[in-house]
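Heads up, the thing below is written out as structure tokens.
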Amino acid sequence: MKYLQKNSYIVVLFVAFFVMGAFLLITDNGSTTYEQVEIQHGDTLWTLAEQYRGKMTKQEWIKQVKAENALNGEHIVAGHALTIPVNEKSIYIANLKNEEELHSVEVAIKNP
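Residues in the sequence shown are numbered consecutively from 250, following the numbering used here.
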């Protein structure tokens with residue numbers, strides 16, 4: 250015990266590592282997986298973020314999409330594929346615009 254009293258920096262270092270570890274565990278959103286979607290006419294990164302972002306902010310989601318797809322700006326082209334982040338715990342719920350056409354897919358988080 251006297252060793253720890255003499256070398257209080259070890260206790261401070263241990264506490265700092267413990268606090269950082271706890272912070273990382275608390276703020277972890279789970280694993281993120283990536284999926285590809287085909288860009289439809291009229292889609293923008295902002296409208297796609299609204300559909301697929303889950304609990305992320307739109308800005309965070311768009312930043313990840315731009316990094317994953319090596320986009321310099323926010324311009325996307327209909328017909329091209331886009332790799333998007335999807336939370337691992339997500340399930341997909343299809344929304345039909347009409348009977349023949351699948352319009353959009355929303356992401357919902359499973360309850361633990």
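Don't be surprised by glycine CBs; every beta carbon is placed ideally from N, CA and C.
What are the boundary residues of the alpha helix (DSSP H) that residue i is part of?
| i | result |
| --- | --- |
| V314 | K307 to E317 |
| T282 | From DSSP, T282 is part of no alpha helix (DSSP H) but of the beta strand (DSSP E) over T281 to E287. |
| T296 | L294 to Y301 |
Excluding the 5 residues flanking residue i on each side, which residues of the same chain have their C-beta closer than 6 Å to its C-beta?
| i | result |
| --- | --- |
| Q313 | P334 |
| I325 | I288 |
| K315 | none |
Can you give me the Cβ contacts of residue i inside the same chain, cut-off strictly under 7 Å, excluding the 5 residues immediately before and after it?
| i | result |
| --- | --- |
| R302 | W310 |
I need the straight-line Cα distance from residue i to residue j, nearest angstrom please.
| i | j | result |
| --- | --- | --- |
| A271 | M305 | 21 Å |
| I259 | K251 | 12 Å |
| A319 | K255 | 53 Å |
| L294 | E323 | 7 Å |
| L297 | V268 | 36 Å |
| I290 | G328 | For clarity, residue 290 is His in the given sequence; the question names Ile instead. The alpha-carbon atoms of H290 and G328 are separated by roughly 8 Å. |
| L273 | N321 | 30 Å |
| L262 | D292 | 50 Å |
| S257 | V264 | 11 Å |
Given residue i, which residues of its chain have a CB within under 8 Å of its CB, disregarding the five upstream and five downstream residues?
| i | result |
| --- | --- |
| E299 | K307 |
| E317 | Y283, T332, I333 and P334 |
| A330 | Q285, V286, E287 and I288 |
| N347 | With a pLDDT of 43 at N347, under the threshold of 50, the modelled position of this residue cannot be trusted; read the value that follows with caution. So the list is empty, once near-sequence residues are dropped. |
Kindly identify the DSSP beta-bridge partner or partners of residue i.
| i | result |
| --- | --- |
| N264 | Sequence check: residue 264 is Val here, not Asn. V264 is not bridged to any residue. |
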